[in-house]
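Structure first, commentary second.
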Amino acid sequence: MTRLDQLPLELLCLIAIELPNERDINALVQANQNLYHLLHFFLCQHNIQFHQSSALLWAAKNGYADLATRLLNAGANVAAFESPAEVAHTIDTRDLLKEIENPLLLAAQGGHLGTLNSMLSETRSDRVCSPAQLRTVLHWAIRSRDNEIVELMIKNRAPLDPAGDAIWAFSALGVAVASLNDFIIPRLREAGAKSGDSERPSPLANAIFTNQRPVVELLLKQGERLNSDGALMHIARKNDKDLYQLLIKYDALEIDIFGTQAMFAAIMHGHYDMVESLIEKGANPNLTWQFISQDLVDSYTTIGFALHFGYLEIVKLLLAKGVHPDKTDLRLATERNYEEIALLSEFSYDNLPMKDDVSNFVYFNRMARLDKGLEANVMAGGPWTYDTTEVECSEDATYPNERDIY
1 MTRLDQLPLE LLCLIAIELP NERDINALVQ ANQNLYHLLH FFLCQHNIQF HQSSALLWAA
61 KNGYADLATR LLNAGANVAA FESPAEVAHT IDTRDLLKEI ENPLLLAAQG GHLGTLNSML
121 SETRSDRVCS PAQLRTVLHW AIRSRDNEIV ELMIKNRAPL DPAGDAIWAF SALGVAVASL
181 NDFIIPRLRE AGAKSGDSER PSPLANAIFT NQRPVVELLL KQGERLNSDG ALMHIARKND
241 KDLYQLLIKY DALEIDIFGT QAMFAAIMHG HYDMVESLIE KGANPNLTWQ FISQDLVDSY
301 TTIGFALHFG YLEIVKLLLA KGVHPDKTDL RLATERNYEE IALLSEFSYD NLPMKDDVSN
361 FVYFNRMARL DKGLEANVMA GGPWTYDTTE VECSEDATYP NERDIY
(Lines of atoms letter the chains of each structure in order from A and count residues from 1; the text may use other names and numbers.)
(Lines give C-alpha, C1' and ligand atoms only; values in the text may rest on other atoms or scores of the structure.)
Protein backbone atom coordinates (compact mmCIF):
# COMPACT_ATOMS: atom_id res chain seq x y z
CA MET A 1 0.00 0.00 0.00
CA THR A 2 2.91 2.32 0.73
CA ARG A 3 3.95 2.20 -2.96
CA LEU A 4 0.57 3.36 -4.26
CA ASP A 5 1.62 6.98 -4.00
CA GLN A 6 4.23 6.31 -6.66
CA LEU A 7 1.57 5.48 -9.23
CA PRO A 8 0.42 8.17 -11.71
CA LEU A 9 -2.48 10.27 -10.41
CA GLU A 10 -4.67 9.16 -13.31
CA LEU A 11 -4.26 5.53 -12.30
CA LEU A 12 -4.91 6.30 -8.63
CA CYS A 13 -8.16 8.00 -9.63
CA LEU A 14 -9.22 4.96 -11.63
CA ILE A 15 -8.55 2.76 -8.58
CA ALA A 16 -10.54 5.12 -6.34
CA ILE A 17 -13.47 5.17 -8.76
CA GLU A 18 -13.75 1.38 -8.57
CA LEU A 19 -14.04 1.37 -4.78
CA PRO A 20 -17.63 0.63 -3.68
CA ASN A 21 -18.17 3.35 -1.06
CA GLU A 22 -16.84 6.56 0.44
CA ARG A 23 -15.45 4.79 3.52
CA ASP A 24 -13.14 2.66 1.33
CA ILE A 25 -12.05 5.72 -0.62
CA ASN A 26 -11.32 7.51 2.62
CA ALA A 27 -9.24 4.54 3.85
CA LEU A 28 -7.24 4.64 0.62
CA VAL A 29 -6.66 8.36 0.94
CA GLN A 30 -5.41 7.99 4.52
CA ALA A 31 -2.94 5.20 3.74
CA ASN A 32 -0.15 7.74 3.84
CA GLN A 33 0.36 11.48 3.64
CA ASN A 34 1.27 11.55 -0.04
CA LEU A 35 -1.87 9.67 -1.03
CA TYR A 36 -3.91 12.05 1.12
CA HIS A 37 -2.59 15.06 -0.75
CA LEU A 38 -2.87 13.35 -4.13
CA LEU A 39 -6.44 12.08 -3.75
CA HIS A 40 -8.10 14.55 -1.38
CA PHE A 41 -9.43 16.63 -4.30
CA PHE A 42 -10.91 13.47 -5.81
CA LEU A 43 -12.50 12.58 -2.46
CA CYS A 44 -14.13 16.05 -2.34
CA GLN A 45 -15.44 15.67 -5.87
CA HIS A 46 -16.82 12.23 -5.04
CA ASN A 47 -18.67 13.61 -2.00
CA ILE A 48 -20.11 16.42 -4.10
CA GLN A 49 -21.24 14.13 -6.89
CA PHE A 50 -22.57 11.18 -4.93
CA HIS A 51 -23.39 12.57 -1.49
CA GLN A 52 -24.82 16.02 -2.29
CA SER A 53 -21.88 17.86 -0.68
CA SER A 54 -22.71 16.46 2.76
CA ALA A 55 -19.09 17.06 3.77
CA LEU A 56 -19.67 20.82 3.46
CA LEU A 57 -22.37 20.64 6.15
CA TRP A 58 -20.00 18.62 8.36
CA ALA A 59 -17.18 21.09 7.83
CA ALA A 60 -19.45 24.03 8.60
CA LYS A 61 -20.87 22.45 11.75
CA ASN A 62 -17.48 21.42 13.10
CA GLY A 63 -15.46 24.45 12.05
CA TYR A 64 -13.14 23.01 9.40
CA ALA A 65 -12.49 26.10 7.30
CA ASP A 66 -9.77 24.47 5.18
CA LEU A 67 -12.03 21.54 4.28
CA ALA A 68 -14.85 23.93 3.40
CA THR A 69 -12.50 25.82 1.08
CA ARG A 70 -11.31 22.57 -0.55
CA LEU A 71 -14.90 21.48 -1.11
CA LEU A 72 -15.79 24.81 -2.67
CA ASN A 73 -12.74 24.58 -4.95
CA ALA A 74 -13.89 21.09 -5.93
CA GLY A 75 -17.28 22.46 -6.97
CA ALA A 76 -19.49 22.43 -3.88
CA ASN A 77 -22.34 24.95 -4.12
CA VAL A 78 -23.44 26.65 -0.89
CA ALA A 79 -26.70 27.77 -2.50
CA ALA A 80 -27.61 24.14 -3.26
CA PHE A 81 -28.67 23.91 0.40
CA GLU A 82 -31.12 26.80 0.08
CA SER A 83 -34.54 25.84 1.41
CA PRO A 84 -37.80 27.06 -0.16
CA ALA A 85 -38.72 28.19 3.34
CA GLU A 86 -35.79 30.62 3.30
CA VAL A 87 -36.95 32.16 0.03
CA ALA A 88 -40.61 32.66 0.93
CA HIS A 89 -42.48 31.86 4.13
CA THR A 90 -45.72 30.54 2.67
CA ILE A 91 -48.37 28.16 3.95
CA ASP A 92 -46.51 25.37 2.17
CA THR A 93 -43.01 26.22 3.44
CA ARG A 94 -43.33 27.59 6.96
CA ASP A 95 -43.38 24.08 8.47
CA LEU A 96 -40.01 23.45 6.79
CA LEU A 97 -38.24 26.26 8.63
CA LYS A 98 -36.98 23.95 11.39
CA GLU A 99 -35.55 21.57 8.78
CA ILE A 100 -33.21 24.11 7.17
CA GLU A 101 -29.68 22.79 6.63
CA ASN A 102 -27.88 26.02 5.90
CA PRO A 103 -24.08 25.62 6.08
CA LEU A 104 -23.72 29.33 6.86
CA LEU A 105 -26.15 28.98 9.76
CA LEU A 106 -24.38 25.88 11.08
CA ALA A 107 -21.04 27.70 11.09
CA ALA A 108 -22.58 30.76 12.77
CA GLN A 109 -24.32 28.71 15.45
CA GLY A 110 -21.07 26.91 16.22
CA GLY A 111 -19.14 30.17 16.48
CA HIS A 112 -16.88 29.11 13.60
CA LEU A 113 -16.22 32.54 12.08
CA GLY A 114 -13.28 31.31 10.02
CA THR A 115 -15.42 28.67 8.35
CA LEU A 116 -18.27 31.14 7.90
CA ASN A 117 -15.94 33.66 6.27
CA SER A 118 -14.49 31.01 3.98
CA MET A 119 -17.96 30.38 2.57
CA LEU A 120 -18.91 34.06 2.47
CA SER A 121 -15.75 34.86 0.52
CA GLU A 122 -16.76 32.48 -2.28
CA THR A 123 -17.63 34.57 -5.36
CA ARG A 124 -17.98 32.01 -8.15
CA SER A 125 -21.57 32.18 -9.39
CA ASP A 126 -22.12 28.41 -9.31
CA ARG A 127 -20.89 28.10 -5.71
CA VAL A 128 -21.79 31.32 -3.91
CA CYS A 129 -24.40 31.42 -1.14
CA SER A 130 -27.85 32.86 -1.80
CA PRO A 131 -29.36 36.07 -0.36
CA ALA A 132 -32.05 33.98 1.32
CA GLN A 133 -29.40 31.99 3.20
CA LEU A 134 -27.80 35.24 4.37
CA ARG A 135 -31.19 36.44 5.64
CA THR A 136 -31.58 33.26 7.70
CA VAL A 137 -28.23 33.83 9.40
CA LEU A 138 -29.01 37.52 9.99
CA HIS A 139 -32.30 36.68 11.71
CA TRP A 140 -30.59 34.07 13.88
CA ALA A 141 -27.83 36.53 14.82
CA ILE A 142 -30.36 39.22 15.75
CA ARG A 143 -32.26 36.82 18.00
CA SER A 144 -29.02 35.53 19.51
CA ARG A 145 -27.71 39.08 20.07
CA ASP A 146 -24.56 38.15 18.19
CA ASN A 147 -23.63 41.63 16.99
CA GLU A 148 -20.44 40.47 15.29
CA ILE A 149 -22.34 38.16 12.97
CA VAL A 150 -25.07 40.79 12.47
CA GLU A 151 -22.37 43.17 11.23
CA LEU A 152 -20.89 40.43 9.06
CA MET A 153 -24.28 39.75 7.45
CA ILE A 154 -24.93 43.45 6.85
CA LYS A 155 -21.47 43.74 5.28
CA ASN A 156 -22.34 40.83 2.98
CA ARG A 157 -25.66 42.47 2.03
CA ALA A 158 -28.04 40.10 3.72
CA PRO A 159 -31.62 41.09 2.76
CA LEU A 160 -33.33 43.23 5.37
CA ASP A 161 -36.82 42.64 3.96
CA PRO A 162 -39.08 39.68 4.84
CA ALA A 163 -38.91 36.34 3.06
CA GLY A 164 -41.98 36.81 0.86
CA ASP A 165 -45.31 38.54 1.37
CA ALA A 166 -46.90 36.31 4.00
CA ILE A 167 -48.01 38.16 7.15
CA TRP A 168 -45.89 35.91 9.39
CA ALA A 169 -42.66 36.64 7.45
CA PHE A 170 -40.66 39.12 9.52
CA SER A 171 -38.26 41.77 8.30
CA ALA A 172 -34.92 42.16 10.07
CA LEU A 173 -36.47 45.07 11.96
CA GLY A 174 -39.45 42.91 12.90
CA VAL A 175 -37.16 40.16 14.19
CA ALA A 176 -35.28 42.66 16.37
CA VAL A 177 -38.52 43.97 17.89
CA ALA A 178 -40.00 40.49 18.38
CA SER A 179 -36.84 39.28 20.13
CA LEU A 180 -36.68 42.44 22.30
CA ASN A 181 -33.25 43.26 20.87
CA ASP A 182 -33.61 47.03 20.99
CA PHE A 183 -29.82 47.56 21.05
CA ILE A 184 -29.43 46.48 17.42
CA ILE A 185 -32.37 48.48 16.02
CA PRO A 186 -30.45 51.75 15.38
CA ARG A 187 -27.79 49.80 13.44
CA LEU A 188 -30.43 48.03 11.37
CA ARG A 189 -32.15 51.33 10.62
CA GLU A 190 -28.82 52.81 9.58
CA ALA A 191 -28.40 49.89 7.17
CA GLY A 192 -31.83 50.59 5.68
CA ALA A 193 -34.08 48.20 7.58
CA LYS A 194 -37.80 48.98 7.50
CA SER A 195 -41.14 47.26 7.97
CA GLY A 196 -42.33 44.78 5.39
CA ASP A 197 -45.43 45.83 3.47
CA SER A 198 -47.40 42.75 4.56
CA GLU A 199 -45.71 42.11 7.90
CA ARG A 200 -48.21 41.55 10.73
CA PRO A 201 -47.88 42.81 13.29
CA SER A 202 -45.62 45.55 12.00
CA PRO A 203 -42.46 46.24 14.03
CA LEU A 204 -44.07 49.42 15.38
CA ALA A 205 -47.26 47.62 16.38
CA ASN A 206 -45.31 44.77 17.95
CA ALA A 207 -43.24 47.25 19.95
CA ILE A 208 -46.53 48.65 21.27
CA PHE A 209 -47.92 45.18 22.06
CA THR A 210 -44.73 44.28 23.96
CA ASN A 211 -44.50 47.64 25.75
CA GLN A 212 -41.13 48.66 24.27
CA ARG A 213 -41.71 52.39 24.66
CA PRO A 214 -38.23 53.65 23.65
CA VAL A 215 -38.46 51.56 20.47
CA VAL A 216 -41.95 52.91 19.75
CA GLU A 217 -40.73 56.49 20.03
CA LEU A 218 -37.59 55.79 17.97
CA LEU A 219 -39.59 54.24 15.12
CA LEU A 220 -42.17 57.03 15.20
CA LYS A 221 -39.44 59.67 15.10
CA GLN A 222 -37.95 57.95 12.07
CA GLY A 223 -41.24 58.05 10.20
CA GLU A 224 -42.73 54.61 10.80
CA ARG A 225 -46.53 54.59 10.86
CA LEU A 226 -49.03 51.96 11.92
CA ASN A 227 -50.33 49.79 9.11
CA SER A 228 -53.45 48.72 10.99
CA ASP A 229 -55.63 49.85 13.88
CA GLY A 230 -54.84 46.84 16.07
CA ALA A 231 -52.18 48.66 18.09
CA LEU A 232 -54.49 51.61 18.75
CA MET A 233 -57.20 49.21 19.93
CA HIS A 234 -54.64 47.66 22.28
CA ILE A 235 -53.74 51.10 23.65
CA ALA A 236 -57.42 51.97 24.12
CA ARG A 237 -58.12 48.73 26.01
CA LYS A 238 -55.13 49.32 28.27
CA ASN A 239 -55.92 53.04 28.62
CA ASP A 240 -52.26 53.73 27.91
CA LYS A 241 -52.34 57.51 27.65
CA ASP A 242 -48.59 57.93 27.14
CA LEU A 243 -48.47 55.66 24.09
CA TYR A 244 -51.68 57.20 22.82
CA GLN A 245 -50.15 60.68 22.99
CA LEU A 246 -47.10 59.43 21.11
CA LEU A 247 -49.30 58.17 18.26
CA ILE A 248 -51.11 61.51 18.17
CA LYS A 249 -47.86 63.49 18.29
CA TYR A 250 -46.36 61.67 15.30
CA ASP A 251 -49.64 61.25 13.38
CA ALA A 252 -49.14 57.49 13.27
CA LEU A 253 -52.74 56.66 12.27
CA GLU A 254 -55.79 58.39 10.82
CA ILE A 255 -57.99 58.63 13.91
CA ASP A 256 -61.00 59.84 11.91
CA ILE A 257 -61.09 56.48 10.10
CA PHE A 258 -59.20 54.00 12.22
CA GLY A 259 -59.93 55.39 15.67
CA THR A 260 -63.50 54.13 15.63
CA GLN A 261 -62.79 50.56 16.72
CA ALA A 262 -60.44 51.84 19.40
CA MET A 263 -63.27 54.05 20.66
CA PHE A 264 -65.56 51.02 20.98
CA ALA A 265 -62.76 49.18 22.83
CA ALA A 266 -62.34 52.12 25.22
CA ILE A 267 -66.09 52.17 25.86
CA MET A 268 -66.06 48.44 26.54
CA HIS A 269 -63.39 48.90 29.19
CA GLY A 270 -64.87 52.05 30.69
CA HIS A 271 -62.06 54.47 29.82
CA TYR A 272 -63.97 57.77 29.82
CA ASP A 273 -61.04 60.07 28.97
CA MET A 274 -59.87 57.84 26.14
CA VAL A 275 -63.36 57.76 24.63
CA GLU A 276 -63.65 61.52 24.88
CA SER A 277 -60.24 62.14 23.30
CA LEU A 278 -60.82 59.72 20.42
CA ILE A 279 -64.10 61.44 19.58
CA GLU A 280 -62.41 64.84 19.75
CA LYS A 281 -59.65 63.58 17.42
CA GLY A 282 -62.23 62.50 14.85
CA ALA A 283 -63.46 59.01 15.74
CA ASN A 284 -67.08 58.65 14.62
CA PRO A 285 -69.39 57.74 17.54
CA ASN A 286 -72.48 57.42 15.32
CA LEU A 287 -71.85 53.84 14.23
CA THR A 288 -72.79 50.32 15.24
CA TRP A 289 -70.70 47.18 15.69
CA GLN A 290 -71.77 43.56 15.84
CA PHE A 291 -71.12 42.36 19.39
CA ILE A 292 -70.63 38.75 20.44
CA SER A 293 -70.44 37.56 24.04
CA GLN A 294 -71.11 34.25 25.75
CA ASP A 295 -74.89 34.71 25.69
CA LEU A 296 -75.46 37.50 23.16
CA VAL A 297 -75.09 38.33 19.49
CA ASP A 298 -76.37 41.78 18.62
CA SER A 299 -75.51 44.97 16.79
CA TYR A 300 -74.85 47.74 19.30
CA THR A 301 -74.36 51.46 18.98
CA THR A 302 -71.71 53.20 21.06
CA ILE A 303 -74.46 54.00 23.58
CA GLY A 304 -75.48 50.34 23.55
CA PHE A 305 -71.92 49.30 24.36
CA ALA A 306 -71.79 51.73 27.27
CA LEU A 307 -75.16 50.51 28.56
CA HIS A 308 -74.23 46.84 28.19
CA PHE A 309 -71.08 47.27 30.28
CA GLY A 310 -72.72 49.60 32.75
CA TYR A 311 -70.67 52.75 32.10
CA LEU A 312 -73.43 55.31 32.52
CA GLU A 313 -71.08 58.31 32.61
CA ILE A 314 -69.93 57.35 29.13
CA VAL A 315 -73.60 57.20 28.06
CA LYS A 316 -73.97 60.80 29.21
CA LEU A 317 -70.74 61.74 27.40
CA LEU A 318 -71.99 60.25 24.13
CA LEU A 319 -75.32 62.04 24.45
CA ALA A 320 -73.46 65.29 25.12
CA LYS A 321 -71.40 64.68 21.96
CA GLY A 322 -74.61 64.56 19.92
CA VAL A 323 -75.00 60.81 19.54
CA HIS A 324 -78.65 59.93 18.95
CA PRO A 325 -79.72 56.68 20.66
CA ASP A 326 -81.73 54.13 18.73
CA LYS A 327 -84.53 51.81 19.83
CA THR A 328 -82.16 49.02 20.91
CA ASP A 329 -80.47 51.47 23.30
CA LEU A 330 -83.82 52.42 24.83
CA ARG A 331 -84.82 48.74 25.13
CA LEU A 332 -81.51 47.86 26.79
CA ALA A 333 -81.82 50.73 29.30
CA THR A 334 -85.38 49.64 30.07
CA GLU A 335 -84.39 45.99 30.58
CA ARG A 336 -81.68 46.97 33.02
CA ASN A 337 -83.79 49.61 34.75
CA TYR A 338 -81.10 52.26 34.36
CA GLU A 339 -81.85 55.82 35.40
CA GLU A 340 -80.63 56.87 31.94
CA ILE A 341 -83.95 55.59 30.58
CA ALA A 342 -85.31 59.03 31.37
CA LEU A 343 -82.61 60.67 29.23
CA LEU A 344 -83.15 58.26 26.35
CA SER A 345 -86.93 58.68 26.54
CA GLU A 346 -86.58 62.33 25.60
CA PHE A 347 -85.53 61.42 22.06
CA SER A 348 -87.77 60.69 19.12
CA TYR A 349 -87.30 57.29 17.52
CA ASP A 350 -89.55 57.77 14.50
CA ASN A 351 -88.01 57.44 11.04
CA LEU A 352 -84.47 57.17 12.36
CA PRO A 353 -81.93 56.43 9.61
CA MET A 354 -80.04 53.19 10.10
CA LYS A 355 -76.58 53.76 11.50
CA ASP A 356 -73.64 52.55 9.46
CA ASP A 357 -71.58 49.60 10.63
CA VAL A 358 -67.95 50.08 11.69
CA SER A 359 -66.51 47.70 9.10
CA ASN A 360 -68.46 49.33 6.26
CA PHE A 361 -67.45 52.79 7.45
CA VAL A 362 -63.77 51.90 7.55
CA TYR A 363 -63.88 50.03 4.24
CA PHE A 364 -65.48 52.80 2.22
CA ASN A 365 -63.33 55.51 3.75
CA ARG A 366 -60.25 53.44 3.08
CA MET A 367 -61.25 52.94 -0.54
CA ALA A 368 -61.87 56.66 -0.89
CA ARG A 369 -58.35 57.37 0.30
CA LEU A 370 -56.88 54.83 -2.11
CA ASP A 371 -58.84 56.36 -5.00
CA LYS A 372 -57.23 59.70 -4.19
CA GLY A 373 -53.79 58.14 -4.18
CA LEU A 374 -53.46 58.55 -0.40
CA GLU A 375 -52.02 56.06 2.05
CA ALA A 376 -54.62 53.75 3.57
CA ASN A 377 -54.06 51.33 6.41
CA VAL A 378 -55.82 48.04 6.98
CA MET A 379 -58.44 47.23 9.58
CA ALA A 380 -57.36 44.77 12.26
CA GLY A 381 -60.89 44.06 13.48
CA GLY A 382 -63.66 42.54 11.43
CA PRO A 383 -67.41 42.99 11.10
CA TRP A 384 -67.85 41.91 14.72
CA THR A 385 -66.14 42.18 18.08
CA TYR A 386 -66.30 40.18 21.27
CA ASP A 387 -66.10 40.86 24.97
CA THR A 388 -62.41 41.61 25.49
CA THR A 389 -63.01 42.12 29.20
CA GLU A 390 -63.45 38.35 29.50
CA VAL A 391 -60.81 36.92 27.14
CA GLU A 392 -57.34 37.81 25.92
CA CYS A 393 -57.40 39.83 22.71
CA SER A 394 -56.02 38.15 19.62
CA GLU A 395 -54.75 41.48 18.27
CA ASP A 396 -52.24 41.60 21.12
CA ALA A 397 -50.59 38.35 20.08
CA THR A 398 -48.10 38.10 17.26
CA TYR A 399 -49.05 36.05 14.22
CA PRO A 400 -47.32 32.73 13.49
CA ASN A 401 -43.84 33.54 12.27
CA GLU A 402 -40.31 32.25 12.03
CA ARG A 403 -39.30 33.09 15.59
CA ASP A 404 -37.80 30.45 17.89
CA ILE A 405 -36.95 28.06 15.06
CA TYR A 406 -33.17 28.07 15.08
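The opening position of the sequence shown corresponds to residue 1 in full-length UniProt numbering, with each subsequent residue numbered one higher. For each residue, glycine too, the CB sits at the ideal point set by N, CA and C.
Three-way DSSP call (helix, strand, coil) for residue i in this model
| i | result |
| --- | --- |
| Q290 | strand |
| Y363 | helix |
| V297 | strand |
| D371 | helix |
| S228 | strand |
| T302 | helix |
| D251 | coil |
| Y64 | coil |
| Q261 | helix |
| R200 | coil |
| P214 | helix |
| D240 | coil |
| V87 | helix |
| Q49 | helix |
| Q245 | helix |
Contact set for residue i: own chain, Cβ-Cβ below 8 Å, skip 5 residues either direction
| i | result |
| --- | --- |
| G259 | D229, L232, L253, L278, K281, G282 and A283 |
| Q52 | A80 |
| D251 | R225 |
| L57 | F81, E101, P103 and L106 |
| T388 | R237, A265, M268 and H269 |
For residue i, the residue or residues it bridges with in DSSP
| i | result |
| --- | --- |
| T123 | The partner list for T123 (beta bridge, DSSP) is empty, contrary to what the question assumes. |
| D356 | L287 |
| T385 | F291 |
Cβ-Cβ separation, residue j to residue i (assumed contact under 8 Å), whole Å
| i | j | result |
| --- | --- | --- |
| R141 | A108 | First, the amino acid is wrong: residue 141 is Ala here, not Arg. Sure, about 7 Å apart at Cβ, within 8 Å. |
| T136 | I185 | T136 to I185, Cβ: 20 Å. No contact. |
| F264 | W289 | 5 Å |
| A76 | I48 | 5 Å |
beta-carbon residue i near the ligand PLP non-hydrogen atom, thresh 6 Å
| i | result |
| --- | --- |
| P186 | For the structure depicted, the ligand PLP is absent and the ligand set is empty, with no information on it obtainable. |
Neighbourhood of residue i by C-beta distance below 7 Å, restricted to the same chain and skipping five residues each side
| i | result |
| --- | --- |
| K372 | none |
| L319 | L343 |
| G304 | T328, D329 and L332 |
| I154 | A191 |
| E395 | Any reading at E395 needs caution, since the residue's pLDDT is 46, under 50, leaving its predicted position unreliable; the model's value is listed next. The answer, listed in chain order, is G230, M233, H234 and A380. |
| L116 | L104, A107 and A108 |
Same chain, Cβ closer than 6 Å to residue i, five either side skipped, listed in chain order
| i | result |
| --- | --- |
| G174 | E199 and P203 |
| residue 416 | Shown here, the chain extends from 1 to 406; a query on residue 416 therefore has no answer. |
| C393 | At C393, the pLDDT of 49 sits below 50, so the modelled position is not reliable and the matter cannot be decided from this model. |
Below-7 Å beta-carbon distance, residue i vs any chain D residue
| i | result |
| --- | --- |
| G310 | Chain labels in this structure do not include chain D; a single protein chain is all it has. |
Checklist entry - What alpha helix (DSSP H) runs, 4 residues minimum, are completely inside the segment 105-193? => result 113-120, 131-144, 147-155, 172-178 and 185-190
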